[in-house]
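Numbering (the UniProt record's numbering), first residue to last: 1 to 387.
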């Protein structure tokens with residue numbers, strides 16, 4: 001089936017966070033949702049659900065877990081059983097529930113900036129202290145600082161590592177060696193690993209995503225791996241996710257927390273969309289990944305030829321380009337403001353993702369090529385006029 005990812009869809013005046021948060025003359029390339037229509041198979045089940053006219057209380061069907069098991073096996077060579085899966089209404093809600101279940105008094109949580117900005121709020125809301133294990137930026141790429149991770153995990157009050165795999169915003173796909181080093185260090189220091197893998201299906205070229213849970217099974221380690229089709233299939237407004245752990249007693253403790261918070265139930269529309277994505281969305285996924293990958297190479301070439309002052313990171317996954325703008329000698333927040341006011345372009349300031357993101361900007365490239373080209377043109381004009 002052919003999908004028209006070049007179609008321009010008018011999203012203004014639809015209560016879109018991406019398009020309606022700023023004035024109409026601002027081109028939004030910031031928050032992580034796509035400007036593409038969802039797969040027809042997903043759209044059909046949502047429509048059929050609405051046509052049924054029945055919106056009462058609903059159990060989650062067995063297909064939710066069955067589709068998850070099949071997807072993980074086929075696309076990530078990862079075998080899980082139904083009793084290792086805990087459905088949750090959303091990724092952040094699931095992460096929060098895990099933290100609230102196992103966090104003790106005065107305990108700490110490790111983050112690895114520059115990292116997904118909502119992690120900071122989740123840790124803050126839990127009452128835990130944040131400990132930073134900044135990624136190492138070198139030769140236009142990122143790696144983990146394992147020496148520092150050894151140090152931070154050795155503190156007996158350090159309870160969790162909140163991990164992003166693949167990494168948002170830097171687009172890094174972690175290797176098996178990376179994951180084993182994390183597992184070994186955290187196992188030795190009794191640190192629980194929470195692995196956010198919402199971008200796991202959006203890995204490009206010849207690279208392969210490795211679920212952390214697959215590695216953790218070889219270690220004496222408590223870990224939780226979270227996944228969802230929401231980013232892959234542009235379903236962020238129909239949030240649904242799952243937690244995977246082979247420690248079923250710990251999963252049950254998290255389920256009790258969800259129940260106590262009255263956050264256990266998944267919206268029926270989200271549930272059918274989730275299942276349809278995993279059962280029937282494979283073709284759409286492959287096509288959208290190809291389109292986004294082409295967008296990335298187009299943007300990288302454009303920036304290299306016309307905006308050499310900016311250095312794009314090597315993006316291995318996600319649809320979020322991480323741009324090194326340090327040569328402009330502007331703080332990220334100031335650059336963000338100037339782009340809005342002068343270029344009519346909205347990107348995300350790098351310092352949103354921690355102080356290690358200072359000097360960078362994040363650009364969402366999951367849009368029709370025409371919109372991407374316009375965004376790059378506005379960025380080029382700004383840089384030229386600023387210089």
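Backbone N, C-alpha and C fix where the C-beta goes; we use that ideal spot for every residue, glycine too. These figures come from a predicted structure and were not determined experimentally.
| Item | Value |
| --- | --- |
| With three or more C-beta pairs closer than 8 Å as the rule, is the segment 283-300 touching the segment 365-383? | yes |
| Which residue comes first and which comes last in the beta strand (DSSP E) that contains residue 59? | Where residue 59 is concerned, there is no enclosing beta strand (DSSP E), given that its DSSP letter is neither H nor E. |
| Who are the Cβ neighbours of residue 210 in its own chain at under 7 Å, not counting the five residues just before and after it? | 176, 179 |
| Name the residue from 327, 360, 313 whose alpha carbon lies nearest to the alpha carbon of residue 333. | 360 |
| When the Cα of residue 146 is compared with those of 166, 159, 169, 112, which residue comes out closest? | 112 |
| Kindly list the residues whose CB is nearer than 7 Å to the CB of residue 187, restricted to its own chain and excluding five residues on each side of it in sequence; keep chain order. | 219, 220, 221 |
| Excluding five sequence neighbours on each side, which residues of the same chain lie with their C-beta closer than 6 Å to the C-beta of residue 214? | 78 |
| Using a Cβ distance threshold of 8 Å, determine whether the segment 50-57 contacts the segment 270-282, with at least three qualifying pairs required. | no |
| Take residue 128 as the anchor and find which of 108, 135, 137, 217 has the nearest alpha-carbon. | 108 |
| Which partner residues of residue 137 appear in the DSSP bridge assignment? | 142 |
| Which class does residue 12 belong to by DSSP, given the choice of helix, strand or coil? | coil |
| Going by Cα to Cα distance, which pick from 160, 69, 61, 32 is closest to residue 98? | 160 |
| Could you tell me if residue 362 is buried or exposed, where buried requires 16 or more neighbouring beta carbons within 10 angstroms of its beta carbon? | buried |
| So who's on the other strand from residue 272, going by DSSP bridges? | DSSP lists no partner for residue 272. |
| Roughly how many whole angstroms lie between the Cα atoms of residue 227 and residue 91? | 7 Å |
| Around the C-beta of residue 140, are 16 or more other C-beta atoms found within 10 angstroms, so that it is buried, or is it exposed? | exposed |
| Pick helix, strand or coil for residue 95, following the three-state DSSP scheme. | helix |
| When you compare each of 81, 319, 286, 285 to residue 438 by their alpha carbons, which one comes out closest? | Examination of residue 438 is not possible in this model, given that the chain is present from 1 through 387 alone. |
| Within the chosen definition, does the segment 230-241 reach the segment 261-279 through at least 3 CB pairs nearer than 8 Å? | yes |
| With distances taken Cα to Cα, identify the nearest neighbour of residue 25 among 375, 250, 67, 40. | 375 |
| Apart from the five residues just before and just after residue 68, which ones in its own chain have a Cβ nearer than 7 Å to its Cβ? | 85, 242, 278 |
| Given a cut-off of 8 Å on the beta-carbon distance, is the pair residue 80 and residue 244 in contact? | yes |
| Whose C-beta lies closer than 7 Å to the C-beta of residue 269 among residues of the same chain, with five residues either side of it excluded? | 46, 49, 238 |
| Measuring CB to CB, does residue 162 end up less than 8 Å from residue 119? | yes |
| Less than 8 Å between the beta carbons of residue 353 and residue 33, yes or no? | no |
| In angstroms, rounded to a whole number, what distance separates the CA positions of residue 166 and residue 208? | 10 Å |
| Which value, in whole angstroms, describes the spacing of the CA atoms of residue 212 and residue 381? | 42 Å |
| Rounded C-beta distance between residue 29 and residue 170? I'm assuming under 8 Å. | 17 Å between Cβ atoms; not a contact. |
| Unbroken alpha helix (DSSP H) runs of length 4 or more, entirely within the segment 150-228: which are they? | 176-188, 212-216 |
| Do residue 204 and residue 285 have their CB atoms nearer than 8 Å? | no |
| Using the three-state DSSP reduction, which class does residue 266 fall into: helix, strand or coil? | coil |
| What residues are listed by DSSP as bridge partners for residue 348? | 362 |
| On the DSSP bridge assignment, give the partners of residue 312 in chain order. | 323 |
| By Cβ distance, which residues of its chain are closer than 7 Å to residue 247, with the 5 residues on each side in sequence left out? | 222 |
| Tell me, please, which residues DSSP counts as bridged to residue 296. | In the DSSP output, where bridge partners are listed per residue, residue 296 has none listed. |
| Whole-angstrom Cβ separation of residue 75 and residue 201, contact assumed at under 8 Å? | 7 Å |
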